[in-house]
Structure formats: C-alpha cells, structure tokens
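As given, the protein sequences belong to chains X and E, one line each in that order.
Taking the numbering used here, I'd label the letters of the first sequence as residues -9 to 151.
Taking the numbering used here, I'd label the letters of the second sequence as residues -9 to 151.
Notes to accompany the following structure.
There are 2 protein chains.
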Amino acid sequence: MTDIAPPLIGSPNLRPFTHSLPMALLRAREATMRWFRPHLAAHGLTEQRWRVLRALTSADGPLDVGQVAERTFLLAPSLSRILTDLKGLGLVHRVADTVDRRRTLLSLTDDGRRLVTRVAPESESIYGRIEERFGAERLDSLLADLRELEDALAEIDGGGR
Amino acid sequence: MTDIAPPLIGSPNLRPFTHSLPMALLRAREATMRWFRPHLAAHGLTEQRWRVLRALTSADGPLDVGQVAERTFLLAPSLSRILTDLKGLGLVHRVADTVDRRRTLLSLTDDGRRLVTRVAPESESIYGRIEERFGAERLDSLLADLRELEDALAEIDGGGR
DNA sequence: CCCATATGTATAACATGTGAATCAATGGTG
DNA sequence: CACCATTGATTCACATGTTATACATATGGG
C-alpha cells in the first residue's frame, strides 16, 4: 500500500527490510519475549529451560528426550545441554529407560514441580496483559495465521513435484 | 479443532504449548528460514551476515554500527563479531569516523557489492515462492498484524501509566 | 549368533543471543 | 582547562542455535 519502493539507484532490487517476513517474525517475537524474560530471570530460568519444565509439567508421565525436543521445539544439542543444567539444579530426573536403553526418560523432581507452581501464575498473568493489549480475538486470529503459514511452508520442494 | 485441552489433573493451569504466542512466532520463523538457509549457506553466508550486507546495500552512504544494529535488529555484541568476520572476508570496510572518533563507519567493498548482486535474485525468488504458497494479500495482512503486535507491546509498563 | 543398518542421545565446533562490564571519545559545567 | 556523566563500540561470560559427527543400543537379515 504505502511502500512505493524507490528506484534504488545502482543497488540490487531488494525488498525493504522491515517488510520482510523473517524480520517481522523476529521483531514480533522479541517484542513479546521482552515481557517474559525479566520474570523468568527472577527465578533463575531462561526461556528454553522454562519450555522444558512446561513440557514435562503438561505430560502425563515421563517423556523421552525426543518427545521433549518435539514439544519444546529445541534442537537435540541444545536440549542435551539444558537437561544437564536442569538436572544440576535438581529440577528434573534423567534416567535410562529400562526397556530401550538408548532412551533417556525425563520427569520433574518435587523441586521442579514446586518451581513451576511458583512461576506459572505470573507467567499466565503476563500473557493475559499481552492478550489485553492486542485484543484476544485478534491474538487468536494471529495464532491461526501463523499456524497456517507454518503449514503452508512445511514441505520444501519449491514446485518441483 | 481437535485439541480439547484436558482438565490437567494436578498440574498448574498452563495454556498448551503450541497455543502460546512466543512458540507460534518461533515455529513460523523457523518454517520460513528453512527456505532461505540453504541458499545463503551456498554462498558462505549466514542469515545475520546477509542482513548486514542488505542494510549496507540499501543505505545511501556509510552507516555507523548503531544504525546497522537498528536496521538489522542485531545486538551490539553479535554485530561486532559479525563485522569482524565480514571484514575478514573482505566484504565490508570498517573505518573510524573522522569527526566523532567513537563511531565506526561501515560500507560495502566492491566484493561485497558483487556478492549481494549474485545472492539477491535467488533470495527474492525464494520470497516469491513463499508469497505464492501463502497468498500475497494474506502475507501483507500478516505482516501488518505483526507490526501492530510489535507496536502494542512496545512500551513495557503493564498498564501503570 | 554375526553383521549391517537404523535409531536415540550426546559431543564437538563454530556462530549467535543476551546481559554486564570495559574502554575510548565526547560534551557540557564550573 | 579539569572534571565527570554520557555515548558508541567492543569485549567478556555464559546460554543457545546449527550442522556434523560420534557413540551406544536395537533391529532385522543371513
């Protein structure tokens, strides 16, 4: 609408920065995380550690590393390190599966559960404030769009089918 | 649709993962970047290095580090390291401002400009494919929503004004 | 039972994210 | 001019992202 793309003398024809999807997603995410980070940091948590604790909280029983990776959207190397830290902090158990000994089973310790109980309410409250600022229905609609974008871009083949 | 949020026996009342805004933004961004990374990597570029090159390309003249940081949305420490790399690759100039000697002025070398010229077309083409998959108007609308989200969350004060 | 292969995690190596500290240069102010 | 708070950039320290590789255990033929 308002972007009239000046003729850019002598430079390749590149779309303006802030109008590019990756940058827009990055900026939106950063604007969001800025609200959560101080609260999490106050409890000695990073965003990623919190994701792991949440995944284990919402699970019925123990999860293996692969399941947690999938649910937290963390790559295996990052997750491996984070689990070492969380175990060091006494927040998670990390025991080998007795059936398939390649698997490591993960669950919260009592301390882990207590921490989640302390952190969760304020975390939800922050989310509520965000919802309030942007509008609840708009947020739902945005989430739906994001999911559809993700689905639309899921299979990479670029048209060669 | 199919997720009916079970009553979560005995666990804190936490919104399901994939319904949280930070995760949704993260997943959408990753789904997007998956399309660009192979192309950039084929030219020895990371996403962040490419952002710096683009910023310098679209500028009228030299930029100082602060300006590039703002436009690329990179934090100063990351940018500092990336500039060292880009200078090492002979893609950017990095000279002290003669007027205010705290400032470092950045500009593309001829090699840098040539590289941008080689990379840009395919990059635009990928963006075009993404636009095609998701729909151009929908993408515009999504970008507008993301920007408004960013604006809505810009000032952190939680309502205490 | 032995092997080749597949699978689940973990490590290595390098680049970036993030917050804090450092350091040089600048611009008032007395 | 000397002082000092401010600013621009870098560096430090630690956590994570990203890709490639290693390692152990499983699994399915011969």
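Ideal placement from N, C-alpha and C gives every residue a C-beta, glycine not left out.
The model shown is predicted, which means the values in this text are computed figures rather than measured ones.
- Within the segment 36 to 58 of chain E, contact with chain X at the beta-carbon level (separation under 8 Å) is assigned to 37, 41, 44, 45, 47 and 48.
- Near chain X, meaning a CB-to-CB distance below 8 Å, the residues of the segment 20 to 33 of chain E are 20, 21, 22, 23, 24, 25 and 26.
- Residue environment: residue 10 of chain X is assigned as buried (16 or more neighbouring CB atoms within 10 Å of its CB, all protein chains considered).
- Secondary structure note for residue 86 of chain X: its beta strand (DSSP E) is the uninterrupted segment 82 to 86.
- Proximity of chain X to residue 12 of chain E at the Cβ level (cut-off 8 Å) is accounted for by 19, 22, 23, 26 and 37, in chain order.
- Within the segment 80 to 101 of chain E, no residue has its Cβ closer than 8 Å to any Cβ of chain X.
- Contact annotation: residue 41 of chain E and residue 74 of chain E have beta-carbon atoms that are not nearer than 8 Å.
- Annotation: the continuous beta strand (DSSP E) that includes residue 95 of chain X extends over 94 to 98.
- In terms of Cβ geometry, residue 82 of chain X and residue 76 of chain X form a close pair [threshold 8 Å].
- For residue 23 of chain E, the CB contacts under 8 Å within the same chain, skipping 5 residues up- and downstream, are 37 in chain order.
- According to the DSSP secondary-structure assignment, residue 53 of chain E is paired through a beta bridge with E:96.
- The three-state secondary structure of residue 58 of chain X, taken from DSSP, is helix.
- Within chain X, no residue has its CB atom less than 7 Å from the CB of residue 126 of chain E, the nearest being about 12 Å off.
- For residue 123 of chain X, the C-beta contacts it makes with chain E under 8 Å involve 142 and 143, in order along the chain.
- At a beta-carbon threshold of 7 Å, the residues of chain X lying near residue 137 of chain E are 14, ordered along the chain.
- Around the C-beta of residue 89 of chain X, fewer than 16 other C-beta atoms lie within 10 Å, and the residue is accordingly described as exposed.
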